[in-house]
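S.K.: Numbering (the numbering used here), first residue to last: 39 to 584.
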Ligand code: DGJ
C-alpha cells in the first residue's frame, strides 16, 4: 500500500483548489492529471516525485547564487536549453522579497514563474533566507542592521561567528512569516504547478564553530535533551545507548556539541517549513554541505548543524515538515560520491541531488542516482554567471551532462517509473577502471571500461564511463552507457548454457514507445558485446539461450 507523505485530507483540499485547471489525458504510462499538486510518495522504501499524478524525474540545473534577477535570466534560460534540463533550480531572496518588515514584493517570483512557463521548464525555488552556506547574508537590511534583535552565534572563544543564531525567536518568526507569504503567493498564482518543490534555506549550519556558546545557548545546552530525541529508535539510529533523560552531554557525550546545534538549526527550520506548509503544502527540502562520508571526521572540520549524514535522525525528529534532506555533492571520487548517494537513499528520505559539480567526473553519478530511485539531479552553476561567455563555450562546458539529459529527456517518464519500481541497475567507472558486474536474476551483465567503448583494450584516460541496465523482462533489457562495453553471462542453473543476442535494437523513446534507429549486429555486437562511445546510446536488447 502506497504511503502518501502528505495526509489524504490535504490532498483532497489541493485537488479541489486545482480543479479549475485540471485536464486529464492518457499516455502509455497511465493517467496524467495536469494540475495535481506535486507530491512525494514512498512504496517499499522507494520514492517518486509525482508531477501531474505520475512519477517525474527532475533533469535539473541550478543557477548561480545571484542569477535569479531578471537581467541575468536570458543566460540562465539559454543554459537550461543547452542542457536539455526540464527543471531550473533558482534562488529567491528574502532581502528582495521583504525590503521593509511586512511589505512583500513578489515581482521576481512572478518573473520566474512566467519565464519558466514560457520555456516549458519547471522550477525548484531556493529560499535564501536565515541561512545561506552557514551565514545570514540574505536576510533583509532591516535585520542585518539590528544585531541585538537578530544575533549571530558566539564561538567557544567568546567571539561572534558569521552565522545566525538558531535560538532567536524573533528571527525564526520573521523567516516563517516571510516564507509563508511566499508560499501563499504561489498558492494563488501557480495553479499549474510550475514550482515542483522549494528548498528551505541553503546549506544551513555554521562554519567556524560547532555550536553557539552564547549564555542563552549554554543554558539550553545544560538542560534536558528534548523527548523527541530520547525515543529508543532515534537513539539507536544515532548509535547511542537508550536513556530516558539526561543533559546533552550525558546523552550524547563527545557528539553533544554538534547534535545540540543540529537539533537547534533543524527545529528552527522545521518551524519555518511547518508555517509555510500549513499555507501551501509543496514538497520542501533542506540541502546539506557534506562531511566526508567515510572517515567520520571531527565536526569542527565541516559545516556543523546542517543535515550531514550522521545527524539525519536528528533532523527527521526535529523537522517533520521537511520532506527530504538532500546532499550537495562536490566530492568527485567514486568511493565517496557513491557512499553519499547510498546514505541519503533511505526509507524515510527520498534521494534528490540538488547540487553536484558539473564536470564529466560528476555526470556518471546521474546513473547511480537513478539506480537508487532518485527523484532528481542538478549540477550547480549552469549559467555563465555574467562572465560573457559565448553560447558555444556554455554548450561545451555543459556537454557532459547535457548529452545524458538529451538521452533522458524523451524517456523521462519511463526512467522515473523504472527508478520508482527498482528496475534500474547501474555501474560507474571507478578510479581503478576495473570491470564490474550487475546481477539480473538469470543473467549477469559484465561491464568493462575502455577507450572508445572497448574498441581497443586501452583504459579510459579518466574514470568517466558508466552503464545502466533496466530489466524489462526475464531476457529483455534496456542498456544505456558511455565509454564501456556490456556483455552477459547466464547465471545459476543456466551457467553452462550457450546464449546469443536475439536482437539488439538501437533507438530512442518517443511518447512512451521505443522507436528503432537500427538493429545492431556484426561488429556492433560481436567481440565482447555492444560498445558505448562518448555519447550515450539506448539499446533495447533481448537475449536467448540455445
Ligand atoms: C554550495 C552552495 O549551496 C551553493 O549555493 C554555492 O555557494 C556553491 N556551494 C558554490 O560552489
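All C-beta atoms in this analysis are idealised placements derived from N, C-alpha and C, irrespective of residue type, glycine included.
Three or more beta-carbon pairs under 8 angstroms between the stretch 368 to 377 and the stretch 135 to 153, yes or no?
M.R.: no
S.K.: Once you ignore the five residues that flank residue 375 on each side, which residues in its own chain have a CB closer than 8 angstroms to its CB?
M.R.: In the chain shown, the residue the question calls residue 375 occupies position 337. Only residues of its own chain outside the window of five on either side were considered, and among them 367, 369, 400, 403 and 406 have a CB closer than 8 angstroms to the CB of residue 375, listed in chain order.
S.K.: Once DSSP output is grouped into helix, strand and coil, what is the label at residue 528?
M.R.: Sequence index remark: in the chain shown, residue 528 carries index 490 (1-based). Note: residue 528 maps to strand in three-state DSSP.
S.K.: Output the boundary residues of the alpha helix (DSSP H) element that contains residue 133.
M.R.: The count along the chain shown starts at 1 and reaches residue 133 at position 95. Its alpha helix (DSSP H) spans residues 132 to 135.
S.K.: Under 8 angstroms by Cβ, that's how I've got residue 540 and residue 476 pegged, so tell me the actual separation to the nearest angstrom.
M.R.: For the purposes of this step, residue 540 is taken as residue 502 along the chain shown, with counting starting at 1. For the purposes of this step, residue 476 is taken as residue 438 along the chain shown, with counting starting at 1. The pair is not a contact, with the Cβ atoms about 20 angstroms apart (cut-off 8 angstroms).
S.K.: Counting C-beta neighbours from all protein chains within 10 Å, is the total for residue 565 16 or more, i.e. buried, or is it exposed?
M.R.: The sequence position of residue 565 within the chain shown is 527, counting from 1. Classification for residue 565: exposed.
S.K.: What does a CB cutoff of less than 6 angstroms around residue 535 pick up in its chain, not counting 5 residues either side in sequence?
M.R.: Translated into the one-based positions of the chain shown, residue 535 becomes position 497. For residue 535, where only same-chain residues beyond five positions count, the Cβ hits under 6 angstroms are 528 and 583.
S.K.: Counting C-beta neighbours from all protein chains within 10 Å, is the total for residue 92 16 or more, i.e. buried, or is it exposed?
M.R.: Looking up residue 92 in the chain shown gives position 54. Note on residue 92: 16 or more other CB atoms within 10 angstroms of its CB, so buried under the neighbour-count rule.
S.K.: Taking residue 28 as the reference, give the member of 480, 459, 259 and 349 with the closest Cα.
M.R.: Missing from the structure shown is residue 28; the chain here goes from 39 to 584 and no further.
S.K.: Exposed or buried, what is residue 62 when buried is set at 16 or more other beta-carbons lying within 10 Å of its beta-carbon?
M.R.: Numbered from 1 along the chain shown, position 24 holds the residue referred to as residue 62. Confidence at residue 62 is low in this model, with a pLDDT of 39, below 50, so its placement is unreliable and no value can be given for it.
S.K.: Please state whether DSSP places residue 85 in a helix, a strand or coil.
M.R.: Within the chain shown, residue 85 is the residue found at index 47, counting from 1. Residue 85 falls in the strand class under three-state DSSP.
S.K.: Compute the Euclidean distance between the alpha carbons of residue 73 and residue 266, then round it to the nearest angstrom.
M.R.: As a first step, residue 73 must be located in the chain shown, where it is residue number 35. As a first step, residue 266 must be located in the chain shown, where it is residue number 228. Going by the C-alpha atoms only, they are around 37 angstroms apart.
S.K.: Which residues share a DSSP beta bridge with residue 77?
M.R.: On the chain shown, position 39 is the one that residue 77 refers to. Residue pairing by DSSP places residue 77 opposite 88 in a beta bridge.
S.K.: In chain order, what residues of the same chain have a beta carbon less than 7 angstroms from the beta carbon of residue 102, not counting five sequence neighbours either side?
M.R.: Residue numbering aside, residue 102 sits at position 64 when the chain shown is read from its first letter. Result list for residue 102: 419, 421 and 423, in chain order.
S.K.: Please tell me whether residue 274 has its Cβ less than 8 angstroms away from any Cβ of chain B.
M.R.: Looking for chain B here will not work: only one protein chain is present.
S.K.: In the DSSP assignment, what are the bridge partners of residue 504?
M.R.: For this step, residue 504 is matched to residue 466 along the chain shown. Looking at the DSSP assignment, residue 504 forms a beta bridge with 466 and 520.
S.K.: Would you list the residues sitting across from residue 553 in a DSSP beta bridge?
M.R.: Residue mapping note: residue 553 aligns to position 515 of the chain shown, counting from 1. Answer is 546.
S.K.: Once DSSP output is grouped into helix, strand and coil, what is the label at residue 230?
M.R.: For the purposes of this step, residue 230 is identified with residue 192 of the chain shown, where counting begins at 1. Coil.
S.K.: Residues in the same chain with beta-carbon distance under 6 angstroms from residue 306, minus the five sequence neighbours each way, listed in chain order, please.
M.R.: Here residue 306 refers to the residue found at position 268 when the chain shown is read from its first residue. Answer for residue 306: 204 and 210, listed in chain order.
S.K.: Using the C-alpha atoms, what's the distance from residue 121 back to residue 384?
M.R.: The residue given as residue 384 occupies position 346 in the chain shown. The residue given as residue 121 occupies position 83 in the chain shown. One C-alpha to the other measures close to 29 angstroms.
S.K.: Starting from residue 365, trace the beta strand (DSSP E) both ways and give me its first and last residue.
M.R.: Position 327 of the chain shown, counted from the start, is the residue given in the question as residue 365. Run containing residue 365: 362 to 367, per the beta strand (DSSP E) assignment.
S.K.: Put residue 59 into one of helix, strand or coil per three-state DSSP.
M.R.: To locate residue 59, count along the chain shown from 1; it is residue 21. Confidence at residue 59 is low in this model, with a pLDDT of 35, below 50, so the placement of that residue should be treated as unreliable; the coordinate-derived value is given next. If DSSP states are grouped into helix, strand and coil, residue 59 belongs with the helices.
S.K.: From the DSSP output, in three-state form, read off residue 384 for me.
M.R.: Reading the chain shown from its first residue, position 346 is the one you call residue 384. In this structure, residue 384 counts as strand in the three-state DSSP scheme.
S.K.: Look at the alpha carbon of residue 133 and the alpha carbon of residue 166, and state the distance between them as a whole number of angstroms.
M.R.: Translated into positions along the chain shown, residue 133 becomes position 95. Translated into positions along the chain shown, residue 166 becomes position 128. Roughly 9 angstroms separates the two Cα atoms.
S.K.: Do residue 78 and residue 361 come within 8 angstroms of each other at the CB atom, strictly closer than that value?
M.R.: The residue you call residue 361 lines up with position 323 of the chain shown. The residue you call residue 78 lines up with position 40 of the chain shown. Result yes, Cβ atoms of residue 361 and residue 78 sit closer than 8 angstroms.
S.K.: Looking at C-alpha atoms only, which residue of 243, 524, 503 and 193 is the closest neighbour of residue 252?
M.R.: Taking the first residue of the chain shown as 1, we reach residue 252 at position 214. Measuring from the Cα of residue 252, the nearest candidate turns out to be 193.
S.K.: Which same chain residues end up closer than 7 angstroms to residue 232 when comparing Cβ atoms and leaving out the 5 residues on each side of it in sequence?
M.R.: Position 194 of the chain shown, counted from the start, is the residue given in the question as residue 232. Around residue 232: 151, 154, 155, 160 and 161.
S.K.: Within the continuous beta strand (DSSP E) that includes residue 322, where are the two ends?
M.R.: Within the chain shown, numbered from 1, the residue matching residue 322 stands at position 284. Its beta strand (DSSP E) spans residues 322 to 327.
S.K.: Using the beta-carbon count (16 or more within 10 Å), is residue 47 buried or exposed?
M.R.: The residue labelled residue 47 in the question sits at position 9 within the chain shown. Only weak support exists for where residue 47 lies, its pLDDT of 32 falling under 50; the coordinates are left without a value.
S.K.: Determine the DSSP secondary structure at residue 64, reduced to helix, strand or coil.
M.R.: Stepping through the chain shown from its first residue, residue 64 is reached at position 26. Only weak support is given to the placement of residue 64: the predicted model assigns it a pLDDT of 40, under 50, and the value that follows is read from those uncertain coordinates. It is a strand residue.
S.K.: Please state whether the Cβ-Cβ distance between residue 555 and residue 548 is less than 8 angstroms.
M.R.: Residue mapping note: residue 555 aligns to position 517 of the chain shown, counting from 1. Residue mapping note: residue 548 aligns to position 510 of the chain shown, counting from 1. No, the Cβ-Cβ distance between residue 555 and residue 548 is not below 8 angstroms.
S.K.: Let me check you understand the geometry: is the CB of residue 124 closer than 7 angstroms to at least one non-hydrogen atom of the ligand DGJ?
M.R.: Numbered from 1 along the chain shown, position 86 holds the residue referred to as residue 124. Checking every heavy atom of the ligand DGJ against the Cβ of residue 124, none is found closer than 7 angstroms.
S.K.: By how many angstroms is the C-alpha of residue 480 removed from the C-alpha of residue 248?
M.R.: On the chain shown, residue 248 is found 210 positions in, with the first residue counted as 1. On the chain shown, residue 480 is found 442 positions in, with the first residue counted as 1. Each residue's Cα considered, the two are about 51 angstroms apart.
S.K.: Would you check if there are 3 or more beta carbon pairs closer than 8 angstroms linking the stretch 168 to 186 to the stretch 313 to 322?
M.R.: no
S.K.: Give the straight-line distance between the Cα atoms of residue 576 and residue 411, rounded to the nearest whole angstrom.
M.R.: For the purposes of this step, residue 576 is taken as residue 538 along the chain shown, with counting starting at 1. For the purposes of this step, residue 411 is taken as residue 373 along the chain shown, with counting starting at 1. One Cα belongs to residue 576, the other to residue 411, and the distance between them is close to 19 angstroms.
S.K.: Given this structure, state the Cα-to-Cα distance separating residue 335 from residue 387, to the nearest angstrom.
M.R.: Along the chain shown, one-based indexing puts residue 335 at 297. Along the chain shown, one-based indexing puts residue 387 at 349. In a straight line, the C-alpha of residue 335 is about 23 angstroms away from that of residue 387.
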